[in-house]
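Here's the structure we're looking at; comments come further down.
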Amino acid sequence: MQGLMQDWPLLTHRIIDHAARIHGDREIVTRSVEGPIVRTTYAEMRKRALKVAQRLDREGIKLGDRVATIAWNTARHMETWYGIMGIGAVCHTVNPRLFPDQIAWIINHAQDRIVITDLTFIPVLEKIADNVPSVERYVVLTDKAHMPQTTLKNAVAYEDWIAEVDGDFKWKEFDENTAAAMCYTSGTTGDPKGVLYSHRSNVLHSLMANSGDALGATSKDTMLPVVPLFHANSWGIVFSAPAMGTKLVMPGPKLDGESVYELLSTEKVTYTAGVPTVWLMLLQHMEKNNLKLPDLKVVICGGSAMPRSMIKAFDDMGVEVRHAWGMTEMSPLGTVGALQSQFAQLKGDAKLDVLQMQGYAPFMVEMQITDDAGKELPWDGKTFGRLKVRGPAIAGAYYQVDKQILDENGYFDTGDVATIDKYGYMRITDRSKDVIKSGGEWISSIDLENLAVGHPQVAEAAVIGVFHPKWDERPLLIIQPKEGQTVTRDDILQYMDGKIAKWWMPDDVVFVDSIPHTATGKILKTALRDQFKDYSLPTAAA
Ligand code: AMP
0 MQGLMQDWPL LTHRIIDHAA RIHGDREIVT RSVEGPIVRT TYAEMRKRAL KVAQRLDREG
60 IKLGDRVATI AWNTARHMET WYGIMGIGAV CHTVNPRLFP DQIAWIINHA QDRIVITDLT
120 FIPVLEKIAD NVPSVERYVV LTDKAHMPQT TLKNAVAYED WIAEVDGDFK WKEFDENTAA
180 AMCYTSGTTG DPKGVLYSHR SNVLHSLMAN SGDALGATSK DTMLPVVPLF HANSWGIVFS
240 APAMGTKLVM PGPKLDGESV YELLSTEKVT YTAGVPTVWL MLLQHMEKNN LKLPDLKVVI
300 CGGSAMPRSM IKAFDDMGVE VRHAWGMTEM SPLGTVGALQ SQFAQLKGDA KLDVLQMQGY
360 APFMVEMQIT DDAGKELPWD GKTFGRLKVR GPAIAGAYYQ VDKQILDENG YFDTGDVATI
420 DKYGYMRITD RSKDVIKSGG EWISSIDLEN LAVGHPQVAE AAVIGVFHPK WDERPLLIIQ
480 PKEGQTVTRD DILQYMDGKI AKWWMPDDVV FVDSIPHTAT GKILKTALRD QFKDYSLPTA
540 AA
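Each residue of the sequence shown is one higher than the one before, starting from 0 at the first, in numbering that gives the first Met the number 0.
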């Protein structure tokens, strides 16, 4: 027997309709690429998104066509998402931090017809323009006054482009499983792979993000997403915030500590989300200038492991830290580390121990850990295994890649290695390709990195496995000291001694001026492995 409820497809534009209707006056504040702070509202954003939809329709963009955006977090960028998706086209967010050749590869693979971009990225797009024949037009997110001369094909200033229509337009109707957006994984090996979100998965993901223990912001909150719209679906915030009527503050191109602090402070931001690198810059700026953020309630941090020293710094400020884990393939939320009731009274180190884990899965994410043979491992908080996931906002296949990515039970192997405890709290111990295999046992590179960055003179730390004649691999610790500070191998080893098992201690420590990162801010271990591939450990001779 079928239920007798209304057929109401889960379409993303219903979110902006709702925001405009119920929370129409709530603001979206942007530090614009041109410089000034600009303000709009959800009601205004909906009107302009409809103009984008109408203008794209006039341009001949049809259901399923791809429209790329290469842009910072701004209200203009956000409204283009709703405009593109609202006619059933696919909003393809491209990460401008990729190498130009990779950007061209991705645009060609997606066959983007239109590219919507910021002033900042015109030079890089001009460089690759001859190699991306599918692109018919470039729309620059600015007005006539700021529009520069450019050789980009059919380039037009966004404000002029949408001024050509009147906004008297209706969203198109289509099935909720229609593709809404795509985002390529940064892929440190092999070609990038396209994840294709649907309207349904985006709407369900926004409900999941809006549950109290996940992002959990409300209509009384102000959220500043430092996480870029081009990174993993903006962690869903473009959908979850308007669904709740949360005021948004968009940082535009300026993500340094001072600029982010200024917006957090002046706009009285209560929730903010971003990767650890951003919080490092913010905390350094605040410490140097003795600054406070009395309105800030929650910091959500993910993308890579949040160091314990950073968790403590926020906790000491009275800010709730929610360590989150996820991936592009998961829309991206996988786990969030709010404190469950049994942990609510914890203090000091015991509290930090819980906060340092990546958290537990909200409803709609199912997890398991298995050994290499696929056998499920216990949730005892100690046993490491391959972390696998399934749920309605998790990829089932990659765009135009003819390869099965789910196992026979419908689980996707995340490529991460993790423990899960009896309460469901997951702790990432490594990427499966980064874990150090020493004499058949696994050493977590992330645990060692987290420990080393707790040293007061260390800015960043990376650990890789280096060949060892007896143990196969042993850990090499690579340290980038804080600016102007000197620190020795013995200082670091002494600091770590006693805090981890003896056999986990790095066999050597080396110092570098800077640790390389991927386009999404993760440590680029492939480059480090290359750089140190002939490194001879002092213990190797023994
Ligand atoms: P991306 O698709 O670029 O967001 O990358 C996803 C990967 O980032 C995951 O598979 C993890 O390896 C890593 N990652 C994300 N969040 C965390 C976290 N909180 N701690 C450790 N690793 C993380």
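Yeah, the Cβ is synthetic: ideal placement off N, Cα and C, and Gly gets one too.
Rounded C-alpha distance that separates residue i from residue j
i: T519; j: G439; result: 32 Å
i: I127; j: Y183; result: 18 Å
i: K246; j: K498; result: 43 Å
i: M146; j: A109; result: 27 Å
i: V32; j: M495; result: 44 Å
i: V237; j: D16; result: 13 Å
i: K46; j: I115; result: 18 Å
i: K402; j: P191; result: 14 Å
i: G423; j: N153; result: 53 Å
i: S303; j: N176; result: 30 Å
i: D415; j: D165; result: 49 Å
i: L536; j: M316; result: 41 Å
i: A74; j: D533; result: 49 Å
i: E543; j: A540; result: Outside the displayed range of the chain (0 to 541) lies residue 543, so it cannot be described from this structure.
i: A179; j: K421; result: 37 Å
i: W234; j: S210; result: 14 Å
i: L450; j: F342; result: 23 Å
i: F98; j: K346; result: 45 Å
i: L10; j: C90; result: 14 Å
i: I106; j: I69; result: 11 Å
i: L386; j: I442; result: 16 Å
i: A500; j: L282; result: 30 Å
i: K436; j: L476; result: 15 Å
i: S218; j: Y41; result: 12 Å
i: D174; j: P8; result: 7 Å
i: L206; j: S239; result: 7 Å
i: P227; j: M181; result: 14 Å
i: K521; j: L3; result: 48 Å
i: P474; j: E407; result: 35 Å
i: A156; j: T119; result: 13 Å
i: V274; j: R96; result: 15 Å
Residue from the options with nearest C-alpha to residue i
i: T517; options: S210, T276, E43 and M77; result: T276
i: G333; options: A360, S197 and F531; result: A360
i: I393; options: D415, V268 and G325; result: G325
i: A88; options: I102, I463, T79 and N94; result: T79
i: A312; options: L292, S303, S258 and G189; result: L292
i: F510; options: L492, Q479 and E163; result: Q479
i: E266; options: I27, M504, Y41 and H204; result: I27
i: E286; options: M181, Q341, E328 and E257; result: E257
i: R321; options: R488, S308 and L338; result: L338
i: W278; options: R426, A460 and D255; result: D255
i: E158; options: D142, V388 and K169; result: D142
i: F531; options: G464, D212 and R199; result: G464
i: R25; options: I419, L386 and V248; result: V248
i: L262; options: N289, N288, F229 and M222; result: M222
i: V486; options: P455, K469, W503 and L475; result: P455
i: G34; options: P250, Q367 and V297; result: P250
i: A417; options: N408, L405, V434 and D406; result: V434
i: R65; options: Q283, Q1, V134 and N72; result: V134
i: G483; options: K171, L214, D512 and V353; result: D512
i: E172; options: Q493, L62, I491 and V93; result: L62
i: F168; options: R57, G380 and A213; result: R57
i: T428; options: D471, V318 and P306; result: P306
i: H230; options: N94, Q53 and I299; result: N94
Residue i and residue j closer than 8 Å at C-beta
i: V139; j: I113; result: no
i: A67; j: D117; result: no
i: I310; j: Q344; result: no
i: D220; j: Y260; result: no
i: G23; j: A48; result: no
i: E375; j: T382; result: no
i: A18; j: P224; result: no
i: Y397; j: V194; result: yes
i: R426; j: Q357; result: yes
i: R30; j: K350; result: no
i: S308; j: V452; result: yes
i: S444; j: V462; result: yes
i: R488; j: V508; result: yes
i: V131; j: A162; result: no
i: I14; j: V202; result: yes
Distance between beta carbons of residue j and residue i, contact taken as under 8 Å
i: V364; j: G384; result: Rounded, the Cβ-Cβ distance is 17 Å, inconsistent with contact.
i: L124; j: I86; result: Wrong, their Cβ atoms sit about 24 Å apart, outside the cutoff.
i: L447; j: W503; result: 7 Å
i: S330; j: H198; result: Not quite, the Cβ-Cβ distance comes to about 12 Å (not below 8 Å), so this is no contact.
i: V388; j: M366; result: 5 Å
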